[in-house]
Amino acid sequence: MMKIGEYAYYSKKQERQNRRSMQTSVESGAAKANLKVARRETSPLLPLPLPTRSSSETSSSTYSRRRYFTPYLSEKAIEVAVARGNAFKAIFRVNAHNRLDAYCTIEGVPVDLLIKGFDAQNRAIEGDVVAVSFDPVANWTRFKGANVNTLLNFVSANESCSSSGRSEGIDVPDANCSSEQGEVNRAVARICSMINSHPSKRPTGRVLAILKNSPKRASVIGFLSVKQSHEDDEGLGRLVDGRFSKKSKNQLAEQEVEWIWLVHTDPRFPKMVVSVRTLPDSVKERVKAGDVTVERELVSAEIYEWNEDALHPQARVVNVFGRGGEIEPRIGAILFENSICAAEYSPESLACLPDRPWKIPDEEFKTRRDLRNICSFTIDPSHAIDLDDALSVEILSDEVLRIGVHIADVSYFVLPDTALDAEAQARSTSVYMLQRKLPMLPPDLSQDLCSLLPGEDRLAFSIIWDINLSGNIIDRWIGRSIISSCCKLSYEFVQALIDKSFDADELFLSSSIGTKLYGYFSLKDVIESLRILYEISSRLRKTRFNEGALQLETIKIGFLFDEYGIPYDTIISERMESCSIVEEFMLLANRSVAEVISQAFPDSSLLRRHPEPILRKLTEFERFCSKHGFELDTSSSGQLQLSLLKIKEEIKNDPVLFDIIVSYASKPMQQAVYFCTGDLKGRKNEWAHYALNVPLYTHFTSPIRRYPDIIVHRTLCAVLHAEKMYLKRSVDKLESSETEIINTYFAGLRFNKPAAESAFGREALSACALKFKIPDGDSLGELAAHCNGRTQASRRAEEAGEKLYIWALLKQKETPLVTEARVLALGPRFMSVYIQIFGMELRINYDEVECLAVEWLEMTGLLVLDLIRSKIIHRMDSLGNFRPLEDVVLLTDPSASDLDEEGSETKSFGACSANVTPSVFSEKRKLEAVFFPLVLQNLSSVPVALHAVGGDDGPIGIEAKLYVSSYFS
């Protein structure tokens, strides 16, 4: 499920509470903060050294400056505290709905540490690596609502989190270790013991120091606030440098503004201040002139300073994208925020490309297997132009088939230690946004020289299996090759064949959607190959799931654009069966290569692992299913898959509910990551891929768009070359051509470990690792971390682009879009709802709303909302603090004409292909409003009205309102 980040709403009352909270913490100054640290010295857990201050500093702060935050501990003090288990390193994460709450995951501790309030957060920002300490148990807060029961169940299932089991997907260290690690483990054990003893309490703590700045400090996206800067009654000088401004508002208005506000589009970040003199000239003049239209411009900035004597961080504007309500500036901001390069390739990189026209050199035909005479073809989306994989089939006998996967040999063109390699590594992955593609490699490579275009001779890396009709692998060959694809097929074309059971009549063949053939093969040859591939892939898929694989398929949203690139409709993409043909053989190829390289280079192979689910969240998912009468077995990925299939069958008439269950099942899952095998030496159980349920996996099949695949190709080249060296020494006569080499030692089905560990085997592998410049363990670990970061950034950018286009689609509508939602969670202040048409989760806040009575019945899990019909029911102390009813409810009169659920305009996008379903934008249907009083519980259906918010004046978002009808409106 694509989860849209809804931005937290701050009412006037909450704003004042936030400011009051800040003032309370800052007016107490460093003395109060130091007192808290001093009190912790009495804690049996965490005696910490106090930051010291010279007498001159004390005098200065007393008369001219006020410290609002506790000074950070020194690097040496942090090292000592961490070594003794008095402090812990963690990543700082901020609650998107309440910036006063932040969290840190501590290895071995079953619940996240809560860092509550500006004082405790001590200037940390989302994504910072921080050193934190735990507060004494007496200061811990209480869990709210259902979290108490969740934690009780979690603790009862893990009676001693210090001695057994997994926590947050991480192995808990043994508390019986010695030396410094032993002290850390014993401290974790004591914390776990306190959590077990106080299950209703949530551990709290504070930030002692920032160990590594978040990259997000250098990629701030936001809006300048000129008007607010002029009107601010606190004096920005005071907020920046700790000095108190005693000038009146009139005096402040008369003088030239020196500082202005910068408000981040991400609510997890604090408000920042920007020095006017550091602004770009064009913006500076507009600010000095009081031009408030500058507030509509989306800007990028970087945080460069935040001292303990400043309430807000200082930032420097780097770039101005344009109007915040337009798509192109927003796209630019998304790319900047995720540090994604949109520039053309450098001349130095392009100089690494071969001269054009280019053809395969003669020497490559001597060392590669020539596979141009077999029927190979590509299967891709119809619009794809970077074709990096092809399939082939040969019939060896009535019982044995030879199936080949052929991958573009990108490593032939992208050589180590070149400008092209450095730039490809920096980008690490291609980024696919709607109507925009940012390739990892220059188009001359990705779309031409490396792309397996039909009718063109291309260099490839091939894996060929001899497989019997049951899907069992009999033999395997891996090596470099030359292929020539006979045609480019689309998923739609292959799906049409599947639907016709591969019975292609002449009419079908004559209208084969423009498929052009090259070489010796006819379309009937291709169709027969597809039939065989389909049958074998179906058996492989069945075997894979029987052996415990897990697949969580979430809703995929597609968009339809007009000739100007503006979205006018959405479609829900449904997975086609034809996709599985390619998927199964790519998975098999990746597994095969992972086995080869990890056995040949056990300390320096780049693999991909998928950690087990987060145990606490998995427990919450089990409780959710149990509460609604569904049996769930989470003991393994395979059992979870079987449970989900059973649930799907039970609720086959309610597909939306199953979508919700799958989205819940996805929440405990961790991200798959690249890693260097040497970094997990001796911990092979952590190499496994949870969802695929395989012990070894890597990425080999997409080198055009993924840099890790290029590294894997080079590693595989080293293995094959070392095998050839070993064979030359082991046999009396060997043809010089690689086409005659049988993968007997290192790349065959059975790895020859004695040969690899022999003196000559080690020598050959080591020499080839140097020849092909395979990174050593440390370098490879750093590269894996970089690629993981780039992959995550690409994913964030793609999701943000999807959200942007949904926002743009709703923004065009003159009336809100009314659709059905399902309640996911309820509470006294807000509810979360699932919007099936967009596959997203939204929040509706209903606390402190005019004329709305809220009754939360926690024992029964019921929420009752009703309209207050009296105009004078207000408490005096609440005047002015309530939000208007229309912020939460789209109220209609039953006697008036119904709201158009499909909006003011409906556009057709023609017949849907087999893989899409039309959305409510083009599908007419009736949806009635509900009436007050409204009684809701989890999974209730409720009509909501969706509309776009923000743009020129703030972060974009999609808000949902309850669609209610009442005669009292």
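Numbering (UniProt numbering), first residue to last: 1 to 969. All C-beta atoms, glycine included, are put in the ideal place defined by N, C-alpha and C. Just so it is clear, the structure is predicted and the values come from calculations on it, not from any experiment.
Thinking just about the alpha-carbon of each residue, which of the options is nearest to the one in residue i?
i, options, result
"E595", "D659, E577, D503 and H699", "H699"
"T715", "D448, V184, P567 and D409", "D409"
"R67", "S604, H312 and C192", "H312"
"W140", "C341, L114, L438 and K524", "L114"
"Q670", "G950, I566, L618 and L224", "L618"
"L396", "H713, I532, A767 and D953", "I532"
"D866", "R796, Q447, Y345 and V930", "V930"
"H198", "A665, N213 and P136", "P136"
"R609", "G182, R683, E583 and S626", "R683"
"T860", "L727, A549, V935 and P955", "V935"
"V792", "T515, V320, S339 and P668", "Before going further, note that residue 792 is Gln rather than Val in the sequence given. With distances taken between Cα atoms, Q792 lies closest to S339."
"V823", "H947, E858 and R843", "R843"
"H713", "T105, I191 and L415", "L415"
"R356", "I331, D448 and M433", "D448"
"D679", "E886, S605 and F772", "S605"
"A181", "R869, E959, R286 and A81", "Correcting the residue identity first, residue 181 is Gln in this sequence and not Ala. The option with the nearest alpha carbon to Q181 is A81."
"L100", "A333, C352 and A120", "A120"
If I follow the unbroken beta strand (DSSP E) through residue i, where does it start and stop?
i, result
"W465", "D457 to N468"
"F545", "Counting along the chain, F545 falls outside any beta strand (DSSP E), though it belongs to the alpha helix (DSSP H) covering L523 to N546."
"N319", "Q314 to R323"
"R436", "R436 to L438"
"F561", "K556 to F561"
"P943", "S941 to G951"
Output the boundary residues of the alpha helix (DSSP H) element that contains residue i.
i, result
"A759", "A759 to K771"
"A586", "According to the sequence provided, residue 586 is Met. The question's Ala does not apply to it. Unbroken alpha helix (DSSP H) run through M586: S578 to A600."
"V719", "Y707 to S730"
"V287", "D281 to K288"
"P624", "According to the sequence as given, residue 624 is Phe; it is not Pro. Note, F624: alpha helix (DSSP H), L615 to K627."
"L749", "Looking at the DSSP string, L749 is not in any alpha helix (DSSP H), and its letter there is neither H nor E."
"Y491", "Y491 to D499"
"G638", "S637 to E650"
"L804", "G777 to Q812"
"E348", "P347 to L350"
Indicate whether residue i and residue j have their beta-carbon atoms separated by less than 8 Å.
i, j, result
"D388", "V405", "no"
"E456", "S490", "no"
"G789", "C676", "no"
"I572", "I555", "yes"
"V944", "K961", "yes"
"V257", "V276", "yes"
"R402", "S481", "no"
"A342", "L335", "yes"
"S219", "E337", "yes"
"L552", "V662", "yes"
"E308", "Q314", "no"
"V964", "V889", "yes"
"I327", "L809", "no"
"E850", "P884", "yes"
"L644", "A665", "yes"
"G638", "A549", "yes"
"S133", "L208", "yes"
"A419", "S349", "yes"
"L224", "E295", "yes"
"M440", "Y707", "yes"
"T701", "A784", "no"
"T265", "G322", "no"
"E584", "L540", "yes"
Checking the sheet assignment: what are the DSSP bridge partners for residue i?
i, result
"G85", "None, per the DSSP bridge assignment."
"M669", "For M669, which the question treats as bridged, DSSP gives no partner whatsoever."
"K488", "T378"
"F700", "Looking at the DSSP assignment, F700 forms no beta bridge with any residue, so it has no partner."
"S965", "T892 and F931"
Output yes if chain B places a C-beta closer than 8 Å to the C-beta of residue i; else output no.
i, result
"I474", "Note that chain B does not occur in the displayed structure, where there is just one protein chain."
| said: I'd like the ranges of any beta strand (DSSP E) spanning at least 3 consecutive residues and lying wholly in the region 59 to 138. | reply: Taking 3 residues as the shortest admissible run, the region 59 to 138 contains the following complete beta strand (DSSP E) segments, listed from N- to C-terminal end: 88 to 91, 101 to 104, 113 to 116 and 129 to 134.
| task | Output the residue ranges of the alpha helix (DSSP H) runs that lie fully inside the region 179 to 207 and measure 4 residues or longer, sorted by chain position. | result | You should have 179 to 197.
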